[in-house]
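Enquirer: Could you have a look at this structure, given as structure tokens, before my questions?
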């Protein structure tokens, strides 16, 4: 087991304009609403024991340390999960690094299959080397499908062998409603999981490989001269957020796994199927906001409401 892993500088080339406007117009509504919710949540909670409305097809809120389930909606039904799939790809990659088969500073050039993978990308180029650390960031930040396919080849030799390993591992750790058909989450009618299963996998990563968690906390990643933002808009902006993974397809809608820590308590929020927008940035803003509401309510319930049960009976003026 690695005691600690230094996180490299993510600026591996000259920066190009980011996908989001430099004026940051999208950030101000998020932060404003977050501030309102964070500062007003105790007052609102004092008048109700209910969860605020979460606009999503399904969700779960879990205590990462104990596995206790705090809130659910359709949590045990399988749904399309898009790039949330990459959490299993990352888990198997972490296991391979931990075993000594791969090292963080090893350099490779991308295989042909990775270069031909469509969809979201870390922008691998023929002959342009990358390190294993860069490949991890290529999955955790821009959700690169090319990085996921490359990881599959490095770990198992082929995508098909890796997918077999993904499904075997899912059963082994208790993910009973999950089927994987690819390492990247590109659309497939049977590539599905439940919020509960995703939370189980997330908890497993957090428990077994805490040394890798800093990889999930980057707002941006630069490779091949291109800077990509993290679609999880909570990362680097809300202090207690520690990660973790976004996903989007037409079938899945906008999905987000968000993790946070306050006063030693670690929570996992899995939200699947936030109604989609044609504007993908708007969709991830909404997914981030739903996750923030769920996590903040969970921390309030976990940390201070149990010690002050009389507040449940207090009516708001």
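Residue numbers (the numbering used here): 1383 to 1699.
Where is the CB? At the ideal position from N, CA and C, for every residue including glycine.
Remember, it's a predicted structure, so these values are computed and weren't measured experimentally.
Once DSSP output is grouped into helix, strand and coil, what is the label at residue 1602?
Expert: strand
Enquirer: Between which two residues does the alpha helix (DSSP H) holding residue 1644 run?
Expert: Unbroken run through residue 1644 is the beta strand (DSSP E), 1635-1644; no alpha helix (DSSP H).
Enquirer: Evaluate residue 1585 with the Cβ neighbour count: other Cβ atoms within 10 Å of its Cβ, from every protein chain shown; 16 or more gives buried, anything less gives exposed.
Expert: buried
Enquirer: Using only alpha-carbon positions, find the residue among 1461, 1558 and 1551 that is nearest to residue 1473.
Expert: Closest option to residue 1473, Cα to Cα, is 1551.
Enquirer: Can the beta-carbon of residue 1605 be found closer than 7 Å to that of residue 1505?
Expert: yes
Enquirer: Under the three-state reduction of DSSP, which class applies to residue 1514: helix, strand or coil?
Expert: helix
Enquirer: Excluding the five sequence neighbours on either side, which residues of its own chain have a C-beta within less than 6 Å of the C-beta of residue 1675, listed in chain order?
Expert: 1434
Enquirer: Is it the case that the Cβ atoms of residue 1463 and residue 1672 are separated by a distance below 7 Å?
Expert: no
Enquirer: Who are the Cβ neighbours of residue 1602 in its own chain at under 6 Å, not counting the five residues just before and after it?
Expert: 1609 and 1611
Enquirer: Say whether the stretch 1550-1564 touches the stretch 1438-1450, bearing in mind that this needs 3 or more beta-carbon pairs closer than 8 Å, one atom from each stretch.
Expert: no
Enquirer: According to the neighbour-count rule (16 or more other Cβ atoms, all chains shown, within 10 Å of its Cβ), is residue 1686 buried or exposed?
Expert: That one is exposed.
Enquirer: Would you mind working out which of 1632, 1648, 1635 and 1633 sits nearest residue 1626, comparing C-alpha positions?
Expert: 1648
Enquirer: Does the stretch 1506-1522 come into contact with the stretch 1482-1493, if we say contact requires no fewer than three beta-carbon pairs (one atom in each stretch) closer than 8 Å?
Expert: yes
Enquirer: Please classify residue 1471 as buried or exposed, where buried requires at least 16 neighbouring CB atoms within 10 angstroms.
Expert: Around the Cβ of residue 1471, a 10 Å sphere holds 16 or more other Cβ atoms; the residue is buried.
Enquirer: Quick check: the Cα distance between residue 1452 and residue 1526, rounded to an integer number of angstroms?
Expert: 32 Å
Enquirer: Provide the residue span of the beta strand (DSSP E) that contains residue 1611, from first to last.
Expert: 1608-1611 is the span of the beta strand (DSSP E), which, as asked, contains residue 1611.
Enquirer: State the Cα-Cα distance for the pair residue 1582 and residue 1569, rounded to the nearest angstrom.
Expert: Straight-line Cα distance between these residues: approximately 22 Å.
Enquirer: Starting from the C-beta of residue 1517, find all residues in its chain whose C-beta is less than 7 Å away, skip the five residues before and the five after it, and write them out in chain order.
Expert: 1529, 1532 and 1533
Enquirer: Hey, how far is the Cα of residue 1615 from the Cα of residue 1634?
Expert: 19 Å
Enquirer: Assign residue 1630 to one of three DSSP states: helix, strand, or coil.
Expert: strand
Enquirer: Buried or exposed for residue 1592, please, with buried defined as at least 16 other CB atoms from any protein chain shown within 10 angstroms of its CB.
Expert: exposed
Enquirer: Just reading off the alpha helix (DSSP H) that residue 1469 is part of, what are its end residues?
Expert: 1468-1481
Enquirer: From what residue to what residue does the beta strand (DSSP E) around residue 1451 run?
Expert: 1451-1455
Enquirer: I need the straight-line Cα distance from residue 1652 to residue 1543, nearest angstrom please.
Expert: 28 Å
Enquirer: For the beta strand (DSSP E) containing residue 1652, name the first residue and the last one.
Expert: Counting along the chain, the beta strand (DSSP E) containing residue 1652 begins and ends at 1647-1656.
Enquirer: Consult DSSP for residue 1526 and reduce its assignment to one of helix, strand or coil.
Expert: coil
Enquirer: Helix, strand or coil: which one does DSSP assign to residue 1413?
Expert: Note that residue 1413 scores a pLDDT of 43, beneath 50, so its modelled location is shaky; the value from the coordinates is reported in the next line. Looking at residue 1413 - three-state DSSP - the assignment turns out to be helix.
Enquirer: So what's residue 1325 in DSSP terms, helix, strand or just coil?
Expert: Since the first residue shown for the chain is 1383 and the last is 1699, residue 1325 is missing from the structure and cannot be characterised.
Enquirer: Quick one, are the C-beta atoms of residue 1545 and residue 1466 less than 7 Å apart?
Expert: no
Enquirer: Who are the near neighbours of residue 1668 in its chain, counting only those whose CB is closer than 8 Å to its CB and skipping five residues on each side?
Expert: 1437, 1636, 1656, 1657 and 1659
Enquirer: Let's test the definition: count the other Cβ atoms within 10 Å of the Cβ of residue 1589 and tell me whether it reaches 16, buried, or not, exposed.
Expert: Label assigned to residue 1589: exposed.
Enquirer: Spatial neighbours of residue 1499 within its chain, please: CB distance less than 7 Å, with the 5 preceding and 5 following residues excluded, ordered by chain position.
Expert: 1527, 1528, 1531 and 1566
Enquirer: Is residue 1500 helix, strand or coil by DSSP?
Expert: DSSP, reduced to helix, strand and coil, places residue 1500 outside both helices and strands of the structure shown, so it counts as coil.
Enquirer: Check this for me: beta carbons of residue 1442 and residue 1457, under 7 Å apart or not?
Expert: yes
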